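The sequence shown: position 69 = 69 (full-length UniProt numbering), numbered continuously. We treat Cβ as the ideally placed atom computed from N, Cα and C, and that holds for glycine. Since the structure is predicted, the reported quantities are computational estimates derived from the model, not experimental observations. Taking it in order: structure first as structure tokens, then the write-up.
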Amino acid sequence: MGPPIDLQHTILNSLRQCPESLFIFDDVEEIPSGIVNYIVHMLNHNVVLDGVSLSKAMFVFITNVGGVEISNILLNMLKNGKTREEADYYDFERALQLASYKYENTGFFRSHLVDSHVVDYYIPFLPLEASHVRSCIMQEFSLYNITKSQIDEDILRMVMKHVTFEEIFVNGGCKRISKKVAAIVRDHFLHL
Numbered sequence: 001m002g003p004p005i006d007l008q009h010t011i012l013n014s015l016r017q018c019p020e021s022l023f024i025f026d027d028v029e030e031i032p033s034g035i036v037n038y039i040v041h042m043l044n045h046n047v048v049l050d051g052v053s054l055s056k057a058m059f060v061f062i063t064n065v066g067g068v069e070i071s072n073i074l075l076n077m078l079k080n081g082k083t084r085e086e087a088d089y090y091d092f093e094r095a096l097q098l099a100s101y102k103y104e105n106t107g108f109f110r111s112h113l114v115d116s117h118v119v120d121y122y123i124p125f126l127p128l129e130a131s132h133v134r135s136c137i138m139q140e141f142s143l144y145n146i147t148k149s150q151i152d153e154d155i156l157r158m159v160m161k162h163v164t165f166e167e168i169f170v171n172g173g174c175k176r177i178s179k180k181v182a183a184i185v186r187d188h189f190l191h192l
């Protein structure tokens, strides 16, 4: 039995046990092209397979594909006076749909999941700005019971110097912040 058949059986067995199941496919860009095509028929509305209704199931596909497009759209919006908070997922939907479909060697490349229009929403993960990273830094320090009043601008700059930017957006978000904060805690706060 191949992986696509196993995937279908796994989904159906889960739905037999819990009809309101949530299926999350993370890092879809790493799934071999064509694999998601094997479950497209499961995403149509009011589908019943092997006596199992899929109408209450929810499928979430998470991918990094479209990051450049998201950044460009958001940057243009900001330059035109719109705030990040005013952005709506509709502003990004078409660009994400096209990006998902066109990038080779990803799970969505020329996928029937995209061209059959069974995806209800394309929701962007907006890129982080410096203020968001500062919040991540403060959160990391709080995990060590270090309060905001104990962190001065010099400490924040020590962490921020390891953050790289593309235009006004942070490359990689807050992924590396925890290790940088841990090093600063070790070097500057453990003696307290």
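- Query: Quick one: Cα of Q97 to Cα of F23, how far?
  - Reply: 20 angstroms
- For M1, name the three-state secondary structure that DSSP assigns. Residue confidence is low: M1 scores 41 on pLDDT, short of 50, so the model does not pin down where it sits. No coordinate-derived value is stated.
- Output yes or no for whether 8 angstroms exceeds the beta carbon distance between R176 and H162. yes
- Note the first and the last residue of the continuous beta strand (DSSP E) segment covering V60. Run containing V60: M58 to F61, per the beta strand (DSSP E) assignment.
- Query: Three or more C-beta pairs closer than 8 angstroms, one from the stretch 166-175 and one from the stretch 115-133: is that the case here?
  - Reply: Touching, yes, given that three or more Cβ pairs across the two stretches are closer than 8 angstroms.
- Query: Taking just the CA atoms, how far does Y90 sit from I151?
  - Reply: 39 angstroms
- Taking Cβ to Cβ, would you say L11 is nearer than 8 angstroms to I31? Sequence inspection shows Ile at residue 11; the Leu mentioned does not correspond to that position. Cβ distance not < 8 angstroms, so I11 and I31 don't count as in contact.
- Query: Any idea what DSSP makes of S53, helix, strand or coil?
  - Reply: strand
- Keeping to the same chain, check which residues put their C-beta closer than 8 angstroms to that of D50; ignore five residues upstream and five downstream. L12
- Task: Could you check how far apart the C-beta atoms of S100 and T63 are, in whole angstroms? I think they sit under 8 angstroms.
- Result: 7 angstroms
- Message: Does the structure place the stretch 74-87 close enough to the stretch 43-62 that three or more beta carbon pairs sit under 8 angstroms?
- Response: no
- Do you know whose CA, among A57, V28 and N44, lies nearest C18's CA? A57
- Item | For F125, three-class secondary structure by DSSP | coil
- Pairwise C-alpha distance: E93 and V119: 11 angstroms
- Item | Neighbourhood of I73 by C-beta, 7 angstroms cutoff - its chain only, sequence neighbours within 5 removed | D91, F92 and A95
- Task: Closer than 6 angstroms by C-beta to E20: which residues in its own chain qualify, once you throw out the five before and the five after it? Chain order, please.
- Result: K56
- Item | Inter-residue Cα distance where the pair is L190 and L156 | 17 angstroms
- Count the other CB atoms, across all protein chains shown, that sit within 10 Å of the CB of V36; report buried if there are 16 or more and exposed otherwise. buried
- For V28, does the count of other Cβ atoms within 10 angstroms reach 16, so buried, or fall short, so exposed? buried
- Query: Counting only runs that start and end within the stretch 22-48, where is the alpha helix (DSSP H) found for 4 or more residues in a row?
  - Reply: 40-43
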